[in-house]
Amino acid sequence: MKYVKVFLKGLAMGAADVVPGVSGGTIAFITGIYAQLLESIASVDFEALRLLRREGVKAAWAHINGNFLLALGSGILIAIISLAKILHHLLETHPVMLWSFFFGLIVASCIHFARTLKQWRIQEVGFLTAGAVIAGLISIASPTEIEPTLPIVFVAGSLAICAMILPGISGSFILLLMGLYGPILAAVQTPDLALLSALGAGAGLGLIFFSRLLRWLLNHYESLLMALLTGFMVGSLVKVWPWKETLTTRINSKGEEVPLMQSHILPSVDDQLFFAALFMFVGASVVFLLERVAGGLSDEKL
Numbered sequence: 027m028k029y030v031k032v033f034l035k036g037l038a039m040g041a042a043d044v045v046p047g048v049s050g051g052t053i054a055f056i057t058g059i060y061a062q063l064l065e066s067i068a069s070v071d072f073e074a075l076r077l078l079r080r081e082g083v084k085a086a087w088a089h090i091n092g093n094f095l096l097a098l099g100s101g102i103l104i105a106i107i108s109l110a111k112i113l114h115h116l117l118e119t120h121p122v123m124l125w126s127f128f129f130g131l132i133v134a135s136c137i138h139f140a141r142t143l144k145q146w147r148i149q150e151v152g153f154l155t156a157g158a159v160i161a162g163l164i165s166i167a168s169p170t171e172i173e174p175t176l177p178i179v180f181v182a183g184s185l186a187i188c189a190m191i192l193p194g195i196s197g198s199f200i201l202l203l204m205g206l207y208g209p210i211l212a213a214v215q216t217p218d219l220a221l222l223s224a225l226g227a228g229a230g231l232g233l234i235f236f237s238r239l240l241r242w243l244l245n246h247y248e249s250l251l252m253a254l255l256t257g258f259m260v261g262s263l264v265k266v267w268p269w270k271e272t273l274t275t276r277i278n279s280k281g282e283e284v285p286l287m288q289s290h291i292l293p294s295v296d297d298q299l300f301f302a303a304l305f306m307f308v309g310a311s312v313v314f315l316l317e318r319v320a321g322g323l324s325d326e327k328l
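Numbering (my numbering), first residue to last: 27 to 328.
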């Protein structure tokens, strides 16, 4: 039963990763599996290879917490495959409602984690502020155009995967900022195996090394890291603000015109505002529902 919960959390993470501007790391954060996710990924190391060679698959699988990673990864993959079209359709037909849901979800998680920080010193305030500013600036940054060479795509994969495990920063949005979102999608459809291999190699190495760094920071500077990550989530509210005005557009890999640069506007007082507020409430309620289902937002040992 415990791995069913992990699978469901993976579904939620995958659904979040599909939406540009929303990070699966945010979901891992608010469902209480963030530290264990970092620990499990960082365990994919030379020790795991040594155990595999000397003691077999079972020992190596236990070392990397394989059941946890398999359940979570399966949920993420299934969600991305099954929910991508649905969420993209909702973004096109009911964008305000969908963004309102995520806005409420992130606001509630920010409030909860700000209240559960073990201590509030000037350092925590500074790191929270820095995280909010960094995520906010990333959210409003202007996209650039970079030639998708193999070394560039390798670096982009490393940066994007690091962003995906940080609450409040979207990996797909990082690719968009680098001007590589379209080329990567095109490479998936073609498929361009060389480009995808470079992306996968960069993502794999970035994930392993960055997860180790985050694990070390969590073990030695937990309060400051949690303040920084909470700040990232606060800053991401800039990206998920429901009411936007499209300034410029781009053509995606399917030949469709989609928003590129948007500015934030104030909502109009109409029926849509009521439903937007309702979806914000639903999003916030999901945080507390996840807390009850998970038995609390603190990491549970599986």
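We put the CB at the ideal spot given by N, CA and C, even for glycine.
Since we're looking at a predicted model, the values are computed, not measured.
Alpha carbon to alpha carbon, how far is Asp325 from Val295? Low confidence applies to Asp325: its pLDDT is 43, below 50, so where it sits in the model is not reliable, and the reading given next is rough at best. Rounded to the nearest angstrom, the two C-alpha atoms are 41 Å apart.
Is the closest heavy atom of the ligand MG to the C-beta of Phe139 under 7 Å? For the ligand MG, the structure offers nothing, since it holds no ligand at all.
Measure the Cβ-Cβ separation of Val44 and Leu113 and say whether it is below 8 Å.
yes
Between Phe42 and Thr52, is the Cβ-Cβ spacing less than 8 Å? The sequence shown places Ala at residue 42, not Phe. The answer is yes: Cβ separation under 8 Å.
Inspect the beta-carbon positions of Pro209 and Pro177 and report whether they are closer than 8 Å. no
Option nearest Ile3 by Cα separation, candidates Leu243, Thr119, Gly36:
Residue 3 cannot be examined here, being either before or after the span of the chain that is shown, 27 to 328.
(request) Look at the alpha carbon of Val32 and the alpha carbon of Ser100, and state the distance between them as a whole number of angstroms. (result) 10 Å
With H, G and I counted as helix, E and B as strand and the rest as coil, what does DSSP make of Ser289? strand
**Message:** DSSP three-state label for Lys31, please.
**Reply:** helix
**Asked** What do you reckon, are the CB atoms on Gly309 and Leu154 nearer than 8 Å?
**Response** no
Taking only three categories from DSSP, how would you classify Gly309? helix
query = What separation, rounded to the nearest whole angstrom, lies between the Cα atoms of Leu206 and Arg80?
reply = 42 Å
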